[in-house]
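Chemist: Please see the structure below; I have some questions.
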Amino acid sequence: MADLSRGDGIPAAISVTEKNGGPFANWERLSFPEGPCQRYFGSAVYVALLDRNHPVSRQYLEWAMATAQRALEDKRFAIASENSSKGWMNHPDFPGNMGEVRAVHALSMSLFQDAPVDLDALKKSSHEIEQSALLTKGKSWSDRIVQGRYLYAVRLSMIAGDWGAAGRMLSVNRKFDIFNQQFEILQAIAMAYSAENEGGKVVPDAVRAFESYFQTVRSPAGKELLNAHSAWPANCYRLELSLIRHRILANVLPFPNWNDVFKAICESP
1 MADLSRGDGI PAAISVTEKN GGPFANWERL SFPEGPCQRY FGSAVYVALL DRNHPVSRQY
61 LEWAMATAQR ALEDKRFAIA SENSSKGWMN HPDFPGNMGE VRAVHALSMS LFQDAPVDLD
121 ALKKSSHEIE QSALLTKGKS WSDRIVQGRY LYAVRLSMIA GDWGAAGRML SVNRKFDIFN
181 QQFEILQAIA MAYSAENEGG KVVPDAVRAF ESYFQTVRSP AGKELLNAHS AWPANCYRLE
241 LSLIRHRILA NVLPFPNWND VFKAICESP
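Numbering (our numbering), first residue to last: 1 to 269.
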């Protein structure tokens with residue numbers, strides 16, 4: 001509320017963007033198409049935690065959708081070039097950069113329209129992000145952004161209900177030393193639900209551990225742990241965990257119920 005009320009708060013950022021030519025200003029020089037899409041979506045989620053229908057949140061969601069749609073249609077995703085602003089099909093960024101854009105598009109569309117999320121788009125995004133992350137090897141793997149992107153791909157698979165893919169990704173022969181606790185929490189819940197899909201039983205300890213972790217990071221008191229475990233905007237990480245939790249506890253169709261997802265983050269202890 002304080003941020004929304006300040007003259008230099010988040011509404012001012014909208015004015016600055018509009019004054020500078022809108023969300024597509026200098027688009028031809030854009031090197032990392034996922035960047036503005038994620039920033040706009042992150043700002044929308046930040047305000048939506050207060051009020052999902054707040055006009056500031058709606059504006060940012062519109063920009064997230066518009067920039068993601070434009071990026072997905074941009075011919076630079078079919079061009080490899082030494083100049084990254086002219087060609088976006090450059091490894092190892094590609095195809096993960098397209099996957100990140102696709103994920104923002106699917107989630108922002110679903111949230112804006114209060115409609116089911118495109119689960120196939122999330123599965124495709126997850127695979128694309130995984131592909132790019134695995135192209136980074138050796139010492140370069142021990143990077144916060146690289147490991148964070150890989151675990152982001154895992155979370156997208158879980159949100160999409162593809163527990164088998166999530167379990168497979170978490171069985172990769174790589175160390176997750178930077179996000180070890182997040183890795184262990186996700187691995188336990190993926191194994192539990194993969195077992196359920198194969199006719200086994202969900203492991204209650206894994207569900208309880210996930211719930212305990214979620215309750216810690218969702219609250220303002222969990223900010224330090226949240227920052228340590230997230231390579232993405234903190235509130236987007238909260239939202240992803242709440243979507244996974246929603247999948248675990250409710251598994252409703254159509255998926256998700258956005259009111260329940262936000263309520264789980266914001267409700268009083």
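Where is the CB? At the ideal position from N, CA and C, for every residue including glycine.
Jot down the residue ranges of each uninterrupted alpha helix (DSSP H) in the stretch 170-241, minimum 4 residues, whole runs only, in chain order.
Modeler: Correct list: 180-197, 204-218, 223-229.
Chemist: So does the stretch 96-107 actually touch the stretch 62-72, counting three or more Cβ pairs closer than 8 Å?
Modeler: With the cut-off at 8 Å, the stretch 96-107 and the stretch 62-72 touch.
Chemist: With DSSP run on the structure shown, which of helix, strand or coil describes I244?
Modeler: Your numbering for residue 244 matches position 244 in the sequence shown. Helix at I244.
Chemist: What does a CB cutoff of less than 8 Å around K123 pick up in its chain, not counting 5 residues either side in sequence?
Modeler: Position 123 of the sequence shown, counted from the first residue, corresponds to residue 123. So the list reads L156, S157, A160, D162, A165, once near-sequence residues are dropped.
Chemist: Looking at A190 and G167, is the spacing between their C-beta atoms short of 8 Å?
Modeler: Within the sequence shown, numbered from 1, the residue matching residue 167 stands at position 167. Within the sequence shown, numbered from 1, the residue matching residue 190 stands at position 190. Yes, the pair counts as a contact, with Cβ atoms nearer than the cut-off.
Chemist: Express the C-alpha separation of V45 and R58 in angstroms, rounding to a whole number.
Modeler: Within the sequence shown, numbered from 1, the residue matching residue 58 stands at position 58. Within the sequence shown, numbered from 1, the residue matching residue 45 stands at position 45. Distance between the alpha carbons of R58 and V45: 10 Å.
Chemist: What's the C-alpha gap between R52 and G42?
Modeler: Locating residue 52 in the sequence shown gives position 52, counting from the first residue. Locating residue 42 in the sequence shown gives position 42, counting from the first residue. Whole-angstrom Cα-Cα distance: 13 Å.
Chemist: Pair every Cβ in the stretch 254-267 with every Cβ in the stretch 169-183, then say whether three or more of these pairs are closer than 8 Å.
Modeler: These segments do not touch.
Chemist: Near M109, what residues of its chain come up, given a Cβ to Cβ distance below 7 Å and the 5 sequence neighbours on each side ignored?
Modeler: To locate residue 109, count along the sequence shown from 1; it is residue 109. Here the set comprises M65.
Chemist: Report the CB separation of S85 from R29 in whole angstroms; it is logged as a contact under 8 Å.
Modeler: Start at 1 with the first residue of the sequence shown, and residue 85 comes out as number 85. Start at 1 with the first residue of the sequence shown, and residue 29 comes out as number 29. Indeed, because the Cβ distance is near 5 Å, the residues count as touching under 8 Å.
Chemist: Work out the CA separation of A250 and R208 for me, nearest whole Å.
Modeler: Working through the sequence shown from its first residue, we reach residue 208 at position 208. Working through the sequence shown from its first residue, we reach residue 250 at position 250. Each residue's Cα considered, the two are about 15 Å apart.
Chemist: Can you tell me which of the three DSSP states K75 falls into?
Modeler: Position 75 of the sequence shown, counted from the start, is the residue given in the question as residue 75. Helix, per DSSP.
Chemist: Could you tell me the alpha carbon to alpha carbon distance between A234 and L226, rounded to whole angstroms?
Modeler: Mapped onto the sequence shown, residue 234 falls at position 234. Mapped onto the sequence shown, residue 226 falls at position 226. Looking at the two C-alpha atoms, the distance is approximately 7 Å.
Chemist: Mapping the DSSP letters down to three states, classify E128 as helix, strand or coil.
Modeler: Here residue 128 is taken as the residue at index 128 of the sequence shown, counted from 1. Note: E128 maps to helix in three-state DSSP.
Chemist: What separation, rounded to the nearest whole angstrom, lies between the Cα atoms of A264 and I79?
Modeler: As a first step, residue 264 is located in the sequence shown; it is residue number 264 there, counting from the start. As a first step, residue 79 is located in the sequence shown; it is residue number 79 there, counting from the start. If I take the Cα positions, the gap works out to 42 Å.
Chemist: Ordered along the chain, which non-local residues of its own chain (more than five positions away) have a Cβ less than 6 Å from that of R149?
Modeler: Reading the sequence shown from its first residue, position 149 is the one you call residue 149. Hits under 6 Å: I129, A133.
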